[in-house]
Amino acid sequence: MTEYRGSSRPPRAPRGGQSPRPFSGGPRREGGGAGGAGGSYDRGPRREGGFSRGPRPEGSGGYNRGPRPESGGGYNRGPRPAGGGGSYDRGPRPAGGGFSRGPRPEGSGGYNRGPRPEGGGGYSRGPRPEGGGGYNRGPRPEGGGGYSRGPRPEGGGGYNRGPRPEGGGGYSRGPRPEGGGGYNRGPRPEGGGGYSRGPRPEGGGGYNRGPRPEGGGGYSRGPRPEGGGGYNRGPRPEGSGGYDRGPRREGGFSRGPRPAGAGGYDRGPRREGGFSRGPRPAGGGYDRGPRRDDRSFDRDREQGGASGEPTRMVRWRRDGKPSAATPPIWKKDTRPLNVRDDRPAPFDEDQGGRGLPSDPREASLRILHAVDTRSAFSDRLLDGAHQRPGADGRDRALLHELVKGSLRWRGRLDWALNSRIHIGLDAVQPWIRNILRIGAYQILMLDRIPAHAAVDESVKLAHKYGHPGSAGLVNSVLRRLIDEKESIEWPAGDDVESLSVWGSHPTWIVERWLSRFGPESARALMMANNRPVATGLRVNALRGTRDELAARLASEGVESRPGTLSPDLLWVEGHHAPGALKAFTEGWCTAQDESEALVARIVAPEKHDRILDLCAAPGGKSTHIAELIGDEGEVWALERDKHRVASLENTIKRLGDQSIHVVHGDGTTYEFPMPFDRVLVDAPCSGLGVMGRRADARWRKGPEVLAEMPPVQLELLDAASYRVRPGGVLVYSVCTFEPEETDHVVERFLSLHPDFTLESVKGLVPDEVVTPEGTMRVLPQRDGCDGAFAARMRKK
């Protein structure tokens, strides 16, 4: 054995979770120690009469650390009382021989753990043999008593640590002597009591795991013996029908029918004739281990743990081991059900519709979703989609019809869909909502598309842009529409709500028109906004006449008819994008509605005039004015938005007008060094007159627009008035017919500027659009084109 001395010895290993105790290093009494008087010792073999740590002085009972008093027995810390026995480990030894942990036998010296045998000196672990030759770890000399860990000597009840008191019972580990009590784990001795944990009382009942002896009660797992009243854990009281947790309700249990006389049950009362999981074998036994009173009827029901968070249910197998915990259903997938990661990203609106898919139904869905969620302009996207190279004419026509039709009839479609969706249409995710609108429009409003094709294509889109549940919703709702199509009763009253559904317009607009025009005219106006709108093309007078333009269009296979109000306009039949026509790209025409083509006629420019268009983009009116003067004069086109300036310049370049000068600036503040003969203020407005062409505008705007626009319009008129030379003309136009933006603005302006007078437009435009006050007002239901207003004023 290696011997450590002095301060270089390593610290003593802790026992029982305690920290090492410091070595006192005190002197050793006379006669003791290998190092002479006062010499310390550490851990060496014990000689006769000695101890585990250093030689023991003759006749003394070894000690641990510190000086031993004269004639005292050794001890750990502090002087040994006179007359003490052998050494001891900790604390002063009581009279008759100290001891560290446990009573010391009479006359014995101290020892570390357990009573010291008669006449023996102290020892570390196990009884000291006669003569006190205790030792630390190793074989015990002949004649010695028990030792630290090993079999107990004959006659002893020895066990793990320290001798067993006479007549003592069993131990924690090791074989039980005959006649002993319970033991930890192993076979039960004949007539023995307890099992796995704790001694079993004589004649006790079953145990936790393992077969139950004859006559015992129930047990945890395995078939129940006849007449047994099995239970989960713990001894079963005599004659009881033991069970795991909670009182048994008569006759019922969760999993399988219970035999007559059976005890506990797992999950709730038994339904008559039924059970949860399979029949119960004869004699008892359950499917999944011990019953718990916290097991719920629903495997995924939330159960609060100690921290307040839901706990996960752990299943127990027949072998007693826990199976893998099943995650609760709410944690399996935390993504919203109506979101798909592979959904196509939104296309770039700056590219128009050129990035749309080729399939017309999917392309219409993308456009409607952009309008619905980002207030995109459907006309701009449709124009880009129609200009894609290689686009089929039939696909272009279907795309245009689906987008425009779904937007126009959105109010009526939503009414029909909402009553057939239990959660309401507003609660449906936007992609699916617009898929339903497209499908419903094909079923309810179009005759040439088979209903089953509309359903199938809509379901495919729902699979791509939603999830299987939403696809099922689309399928069921659209098929229900097919079955009930002929029996749908649309609202027919003259009240605001009924007219709003019938005419597919917002209620605030219907309320205005109903009070202004009456029910019949309001219905006619709404129907005019819902009819398909033809494309108007105004001829470029610098290139040719209207008849020559019609011939060029016919050569491209495009049918056209002349306008009824403007001598410069042709209506094109069918869904043709102007940008796809050769006559358009070559500068023979530009897109413009007939009501807009009347405004330049009201300006009535003359050659060599200097004319200012205060809000010029996209350039339709500026170029028309330049063409009316034969490109001989000056036309100044002012635009505040730089992006619209680019569109204005492209239009001018395509048409080849040389007299137009483009200026980027604000019409209310920009200073010109010269006055103008004529000034046109085509002011921004609510756009309520063009809702037939811009079907999305009705769903984007609210009643507040009628209060926001007039101040802007009046400010532009005020700024324009200072740029008109005396005797010059000021024209005000807007694409609406609401009084707040038309007559009221003109009246307010004239009251603020008495140097201007209102002139009649009679003779400049057809009489049917001239009001008694001398202004122009175009109504869609009467004139078959966009609504508009214009007033002509002259400066004194």
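With the UniProt record's numbering, letter number 357 in the sequence shown gets 357, and the count goes up by one each step, no holes. For each residue, glycine too, the CB sits at the ideal point set by N, CA and C.
CB contact flag (residue i, residue j, <8 Å)
i	j	result
I629	D613	no
V590	R546	Sequence check: residue 590 is Thr here, not Val. Result no, Cβ atoms of T590 and R546 do not sit closer than 8 Å.
D767	S733	no
P739	W508	no
S364	A695	no
R396	H575	yes
R361	L461	yes
L569	G536	yes
L706	M793	no
G503	R523	yes
W571	R543	no
V635	I602	no
L648	V663	no
L764	V745	no
P605	T651	no
A451	I432	no
residue 802	A454	Outside the modelled stretch of the chain, which goes from 1 to 796, sits residue 802, for which no answer is possible.
The alpha helix (DSSP H) enclosing residue i, as first and last residue numbers
i	result
G503	496-503
F517	507-517
M709	705-721
L612	Segment 610-613 is the beta strand (DSSP E) holding L612; no alpha helix (DSSP H) there.
A683	Per DSSP, A683 belongs to no alpha helix (DSSP H) and is neither H nor E.
T373	360-374
R408	393-408
R388	Premise fails: R388 is in no alpha helix (DSSP H) and is neither H nor E.
Burial state of residue i, where buried means 16 or more other Cβ atoms lie within 10 Å
i	result
N434	buried
D786	buried
A427	exposed
M674	exposed
D641	exposed
R512	buried
S686	buried
I367	buried
Q752	In the sequence on display, residue 752 carries Leu and not Gln. Classification of L752: exposed, given that the 10 Å Cβ count is below 16.
A577	buried
Q658	exposed
Y441	buried
Y722	exposed
G518	exposed
M776	buried
S458	buried
S560	buried
P780	buried
P532	exposed
D783	buried
Proximal residues to residue i (C-beta, below 6 Å), its chain only, five neighbours per side dropped
i	result
L499	V510
A788	S595, G689, C735, V778
K796	D755
R742	The question names Arg, but residue 742 is Thr in the sequence shown. Here the set comprises F789.
R420	V477, R480
M691	N529, A697, R698
F584	P578
N475	V459
V679	L612, A720, R723, V724, L730
R437	S406, L413
L402	S364, I438
Nonlocal neighbours in the same chain, by C-beta distance under 7 Å from residue i, ignoring five residues either side
i	result
A580	H386, Q387
G667	L614, C615, L638, R640, L716, A719
G620	T590, Q592, E596
G411	S500, V501, S504, H505
F676	R610, I611, L612, R723, V724, R725, G728
Extent of the continuous beta strand (DSSP E) to which residue i belongs
i	result
G727	724-734
W588	Counting along the chain, W588 falls outside any beta strand (DSSP E), and DSSP gives it neither H nor E.
L779	Per DSSP, L779 belongs to no beta strand (DSSP E) and is neither H nor E.
V662	660-664
L750	Looking at the DSSP string, L750 is not in any beta strand (DSSP E); the run it does join, the alpha helix (DSSP H), is 743-752.
W699	No beta strand (DSSP E) contains W699, which is instead part of the alpha helix (DSSP H) from 697-700.
Cβ shell of residue i (< 8 Å), same chain only, five flanking positions each side left out
i	result
E632	K607, H608, S659
key: Uninterrupted beta strand (DSSP E) stretches inside the segment 535-578 (no shorter than 3 residues)   = Segments of the beta strand (DSSP E) lying fully in the segment 535-578: 535-539, 560-562, 569-572.
message = Which complete alpha helix (DSSP H) runs does the segment 403-443 hold, if anything under 4 residues is left out?
response = Correct list: 410-418.
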